[in-house]
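Beneath this line is the structure, given in structure tokens, with notes to follow.
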Amino acid sequence: MYQFNFEPVFAAFDTLLIGAWFTIQMSCMAMLLGLAVSIFGAVGKTSGVRLLNVLVDIYVEIIRNTPFLVQIYFIFFGLPALGIRMSPNQAALLALTVNFGAYGTEIIRAGINSINRGQIEAAQAIGLSWLQVLRYVVIKPALRAVYPALTSQFIFLMLGSSVVSAISATDLTAAGNDLNSLTFASFEVYLVTTAIYLMMSIAFSIAFSVIGRTWFAYPVNR
Amino acid sequence: MNMVPTKPEPAMQAQTLPTIELQGLEKWYGAFQALKNVDLTVQSSEKIVICGPSGSGKSTLIRCINQLEEIQGGTIRVNGKALTNDPKSVRAVRREIGMVFQQFNLFPHMTILENCVLGPIKVGGVPRAEAEEVAHEYLKRVRIPEQANKYPAQLSGGQQQRVAIARALCMRPKVMLFDEPTSALDPEMVNEVLDTMIDLASDGMTMICVTHEMGFARKVADRVIFMDHGEIIEENDPEQFFEAPRHERTRGFLGQIA
Ligand SMILES: Nc1ncnc2c1ncn2[C@@H]1O[C@H](COP(=O)(O)OP(=O)(O)OP(=O)(O)O)[C@@H](O)[C@H]1O
Ligand SMILES: [Mg+2]
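Top line first, the protein sequences correspond to chains Y and S.
Using my numbering, read the first sequence as starting at 1255 and increasing by one per residue.
Using my numbering, read the second sequence as starting at 6 and increasing by one per residue.
Right under this line is the structure:
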């Protein structure tokens, strides 16, 4: 019978932690950048400007209807043909941002649409411009309305980021792959890797609920 | 009872430009005509009450005045200046016009104070400290100074509506529009809002109120306007309007709401 041997895995645990730390950093960056993209996309989508609407639609549909791995390959292997060269880590970050942006656009658009028309009219009646209405009156309640969807999309992003190991970015999965080819302890390596992903997911869930409760602390309804 | 506001002398009115002047206003929703050739002139510090059956165009009329609705014909003048669709001038006009909605429409993610200072700071360019001072002053005037740091959802409907009035006043508007400000309220809260409006009237604010509160109309209105099917059917001082309505439709309507 197979003899479990975690020793080499724990001996090289720091390489896994370095990979995990990279995954966390890359995911957080992609989330923040992707969130900005999402907000722009959603605002463009709800602006009533036809051209913006069509452009955002095209972006969202392309990203949501193609495999993430192919998107990464396109950015890393395809774009150099146009003279756009990136390191694996840069390409990974860009791919994650673009991907999150498309899903986030749809989520935030739903949030903006959930805002009562009267809110917007009251803000206009005070004399706020269209951008001010969005910025001060619409965005926060809109984000609150879709916060759960947004956070689970982020967890997807973080877990999905394991795919970037395919272009040898230095994330947790890549660290696991490296360790595996050194030790051949596949079961142990991937069990520990899985456990680290699981813990990161849990940690992010907790962090998001704390952030949510702080930032969206205002009461609604009666 | 003795709070009846002084009405401006006719001689004084003639000298100044009307605060609001509507001429031949036409509003269409697709093929449906919501306003038909509406004329209305409101002088500074006049109080107008608009009533009429549901769907008669009352909301549409006052929403046209601050350009929440686009018009298809006629002209609107505010302080003598004809309104245009240029976004900058739309905003400039809205600053002069306070609006209070049936559903309060306070911003739920901001405290009462923040609701009140948003416009003055972001639109009026007023420094925060000064804006807050003004806001506290108006919150005092609508008699809820102690709620400044609460959120809208923590207030009763009547309190929320009074905050909405204070929020509009913080922009120091020349005219206030009210669209059925008490009809979403529980009956016991109607009077606190009406009292606030009566106070405002006695301070000389120019007001256009869509309301079916006939006690308020009798007490405050200089003129009562009856609308039906997008038209102004009758316009008269409250005494005449209620005691001797000229039109059959007005009589029918007054009979219904009495
Ligand atoms: N956005 C819209 N699209 C189409 N029709 C509309 C729209 N808004 C209002 N209308 C129609 O215009 C007419 C006037 O509406 P308005 O809201 O001004 O009536 P109202 O007098 O304020 O009625 P209520 O007392 O019920 O508030 C109604 O027949 C209504 O159905
Ligand atoms: Mg109405």
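Ideal Cβ placement from N, Cα and C applies to all residues, glycine included.
**Request:** Anything in the stretch 151–184 of chain S with a Cβ closer than 7 Å to a Cβ of chain Y? List those residues in chain order, please.
**Result:** Y156, A158, Q159, M176
**Asked** At a CB-CB cut-off below 8 Å, which residues of chain Y make contact with N110(S)?
**Response** N1370, G1372, Q1373, E1375, A1376
**Request:** Within the stretch 104–170 of chain S, note down every full alpha helix (DSSP H) run reaching 4 residues or more, in order along the chain.
**Result:** 117–127, 133–146
**Message:** Buried or exposed, going by whether 16 or more other CB atoms sit within 10 Å of the CB of M8(S)?
**Reply:** With a pLDDT of 49 at M8(S), under the threshold of 50, the modelled position of this residue cannot be trusted; read the value that follows with caution. That one is exposed.
**Asked** Once you ignore the five residues that flank L173(S) on each side, which residues in its own chain have a CB closer than 8 Å to its CB?
**Response** Checking the sequence shown, residue 173(S) turns out to be Ala, not Leu. Contacts found: G103, M104, V105, M181.
**Message:** By the DSSP assignment, the alpha helix (DSSP H) with F4(S) in it spans what residues?
**Reply:** With chain S covering only 6 through 263, there is no way to say anything about residue 4(S).
**Asked** Who's in the neighbourhood of ligand 1, going by beta-carbon under 5 Å from any heavy atom, listed in chain order?
**Response** Y34(S), A39(S), S59(S), G60(S), S61(S), G62(S), K63(S), S64(S), T65(S)
**Request:** For A39(S), name the three-state secondary structure that DSSP assigns.
**Result:** strand
**Request:** Show which residues of chain Y have a CB atom less than 8 Å away from the CB atom of L73(S).
**Result:** E1375, Q1378, A1379
**Message:** Please confirm whether V229(S) has its beta-carbon closer than 8 Å to some beta-carbon of chain Y.
**Reply:** no
**Request:** Show which residues of chain S have a CB atom less than 7 Å away from the CB atom of V1474(Y).
**Result:** P113, A158
**Asked** Considering Q72(S), what are the terminal residues of the alpha helix (DSSP H) in which it resides?
**Response** Where Q72(S) is concerned, there is no enclosing alpha helix (DSSP H), given that its DSSP letter is neither H nor E.
**Prompt:** So what's N1343(Y) in DSSP terms, helix, strand or just coil?
**Reply:** helix
**Asked** When every heavy atom of ligand 2 is checked, does at least one fall within less than 7 Å of the C-beta of E185(S)?
**Response** yes
**Request:** Would you give the residue range spanned by the alpha helix (DSSP H) that G1466(Y) belongs to?
**Result:** 1440–1469
**Proximity winner among T1448(Y), P1473(Y), Y1472(Y), S1440(Y), relative to Q1257(Y) (alpha-carbon distances)** = S1440(Y)
**Request:** Taking 8 Å as the cut-off, decide whether the C-beta atoms of A136(S) and V122(S) are in contact.
**Result:** yes
**Prompt:** Taking just the CA atoms, how far does P150(S) sit from E142(S)?
**Reply:** 8 Å
**Request:** Flag this pair as yes or no: are the beta carbons of I1380(Y) and M202(S) separated by less than 8 Å?
**Result:** no
**Asked** Using 8 Å as the Cβ pair cut-off and three pairs as the minimum, do the stretch 188–202 of chain S and the stretch 216–229 of chain S touch?
**Response** yes
**Request:** Return the Cβ separation of Y1390(Y) and K127(S) in integer angstroms, given the expectation that the two are a contact with Cβ distance under 8 Å.
**Result:** 7 Å
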